[in-house]
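Under the numbering used here, the residue at position 166 of the sequence shown is numbered 303, and the numbers go up by one with no gaps. No residue lacks a Cβ here, since even glycine has one placed at the ideal position from N, Cα and C. All of these numbers come straight from a predicted model, not from anything done at the bench. Let me begin by presenting the structure, written as structure tokens, before commenting on it.
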Amino acid sequence: MNELLVRTLTGVLLIAIALVAAVKGGMLFAVFVAAVATVIYYEWMRIVRGWGAPWSIGGFFYALLPALSILWVRERDLHGLVLLIWVFLVTWSTDIGAYFAGRAFGRRKLAPTISPGKTVEGLFGGAVAATVIGAAWVLWTNLGRPLLVLAPLFALAAQAGDLFESAMKRRAGIKDSGTWFPGHGGVLDRLDGLVPVAVLAALAQLSGLT
């Protein structure tokens, strides 16, 4: 089967699972997030094997903080689900926009020593996609207007998270963090951009910007 088709079908399935769990909320969502965080930590430990205790401890917080942030965003108040979907949309549109913009227009390498496939054009494509999709959701649902400005910034944070994981994999000499999903690799490969965005969204909610 065509690689892009496999990647698309897998991505749609993962998005559907995440949205169903988020809409259900409560204990089901908490268990889902805890399970995902556990797999993230497992994959982190697989990558950093032999790197020493600081990396092991750092991985614990790397998995824990976004998990707590997502639960906080979802359950804090009545519009938590709406904000969480915005977080998902910004992260997903960043990834999708960067992928297609990079394939269509990519010429200048963004970080060739870390991730040769990423381009400056992909970076901007991801930011534009996140801004447009995020803005549409904000205007439709009447979320806080500061999110219109935060969307492109969060998109950059998502891509920084992607580059951080790529640097780790390059150091470890592996291609993917796992083999769970056809065309997508491991859980960490799919959620490396969500990690910083989730934490930043929780901070934005705490500060009253949402």
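**Request:** Note down, one range per segment and in chain order, each alpha helix (DSSP H) of at least 4 residues found wholly within the segment 165 to 229.
**Result:** 190 to 212
**Prompt:** Buried or exposed: M164, going by 16 or more other Cβ atoms within 10 Å of its Cβ?
**Reply:** exposed
**Nearest to L276 (by Cα), restricted to the options D326, W223, L300** = W223
**Of the listed residues E180, A341, Y179, nearest to L280 (C-alpha basis)** = A341
**Whole-angstrom C-beta distance between S206 and A335, which should lie under 8 Å** = 4 Å
**Minimum C-alpha distance to A338 - residue among I194, V227, P253** = V227
**Request:** Note down, in chain order, each residue of its chain lying with its Cβ closer than 7 Å to the Cβ of V332, except the 5 sequence neighbours on either side.
**Result:** Y199, P203, G298
**Request:** Whole angstroms is fine: what's the gap from D313's alpha carbon to R213's?
**Result:** 34 Å
**Request:** Less than 8 Å between the CB atoms is what I'm expecting for T211 and F166, so what's the real figure, rounded?
**Result:** For the sequence presented, residue 211 should be read as Arg rather than Thr. Separation of the CB atoms of R211 and F166 is rounded to 6 Å, and the pair is thereby assigned contact status at 8 Å.
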